[in-house]
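Just add 181 to wherever you are in the sequence shown, counting from 1, and you've got my numbering.
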Amino acid sequence: MKHKTFIKVLAVALAMTGCKVQKKSEAAAVKAAKTKPANTQPKQVTNRELRLEDVFVEFEGQAQPNVYNMILSWPETRDRVRISVDGQVMFAVNTTERQTEAVANLQGGRKVAVLVEILDQQYHIITSETRELEVPKDYVFPNQFTLTNHMKIPNERVFLNNSVVTTGNFNLEIQTKKLIVLNRSTIQGFIPGAKAAHGNDGRSGGLISIEAEYAEGELTFTMNSEAGGDALMGYYMMIYGSSNEHVVCPLGTNGFTAGRNGDLKLKIKDISNFRHYPQETLSDGGKTAPIIQNKESINGYPQMPSHKMFGGKHYDCPKRPSPGGGAQLGKICQTFSGQVPAQGCE
């Protein structure tokens, strides 16, 4: 009996000791949890799950205008990615082996629906997302192009290909990532030899402004204006019912003034493959008119009316008519490869 009683007492003692050990372990765990920093994050490893926000999309233009590749990239993970464009599966790859893929020959300016699906190793869909994207649109100048109003071009890429662009007295502003001249082209203020009509001053050129991150090819800039119009001939007056005849301003008016050349502003970061040729051409003022000898000497030459008005303007009769004034130079500002703009070209 004494032996059995001893065994029972020993069992109870061991049980109580086990409870104390368990309570101490639990208390230690609680203490450790309280002292662990709240912002501790598990270390990321390359076999983590791929997330939708990890898949990046960008567009890369091909050599010809309005043809783009869509480049998709993601980090190395343990999953698979499947991409569909407008409902057509383009690829499904293991992301531990490939971190980029391309979808080629997309038309510039079109909208595409890109379905991104994250798959496990058994090709079960973990998560998915549809992105509505627009392929960048290039601006392509035709071979012959004349502005009829001020024009701004904000496209991703701008192409010229053996083009002649005439801006006249309007502003042409190009803001682009890439200016690509496939074959040598020209941007000019006016067609060479452009001249205002009789009795009119020549028009001044507008602003030609190009801001680009990169440019390539050969481009000529012809900065000019419209030449001044020639003078008006005086008016031959006849008073009916009498032999009294005389002329008003027999020597005509002065010639008319040429316009001012337009301004050129180039701001391009990378010109390593770009050749540009700014040219200044000064147009002449208008010529004086022929002297009136008699009414037969007019020969259809433009005249001012007898009251010395033409086109709503009043003209005096100069004693010695002179040709119109010639053109004045515009401003040319060029800033390349991160240079600081010259004073007055900011």
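For glycine and all other residues, C-beta sits at the position ideal for the given N, C-alpha and C.
Contact check for asparagine 442 and glycine 370: beta-carbon distance about 7 Å, within the 8 Å limit, so the pair qualifies. At a cut-off of 4 residues, not a single continuous stretch assigned as alpha helix (DSSP H) sits fully inside the stretch 431-475. Bounds of the beta strand (DSSP E) holding serine 265 are 261-266.
A residue is called buried when at least 16 other Cβ atoms come within 10 angstroms of its Cβ; histidine 379 meets this threshold and is buried. Residues of the same chain with a CB within less than 7 Å of the CB of glutamate 234, apart from the 5 flanking positions on each side, do not exist. Nearest to phenylalanine 237 by C-alpha distance, out of Trp255, Asn475, Val345 and Lys476, is Trp255. By the CB criterion at 8 Å, glycine 398 and lysine 450 fall outside the cutoff. Taking every protein chain shown into account, the CB of methionine 418 has fewer than 16 other CB atoms within 10 angstroms, so this residue is exposed. Under the Cβ criterion (8 Å, minimum of three pairs), the stretch 384-396 counts as touching the stretch 429-448. Selection Glu257, Asn250 and Asn247 evaluated against glutamate 230 yields Glu257 as nearest (Cα-Cα). About 5 Å separates the Cβ atoms of valine 346 and isoleucine 368, confirming a contact at the 8 Å cut-off.
Residues of the same chain with a CB within less than 7 Å of the CB of lysine 333, apart from the 5 flanking positions on each side, are Glu354 in chain order. By a beta-carbon distance limit of 8 Å, threonine 469 contacts alanine 412. Their separation comes to about 5 Å. In the DSSP assignment, arginine 312 falls within the unbroken beta strand (DSSP E) covering 306-315. Glutamine 356 places its beta carbon less than 8 Å from that of proline 335. For a cut-off of 8 Å, the C-beta gap from threonine 438 to glycine 505 is around 5 Å, short enough to register as a contact.
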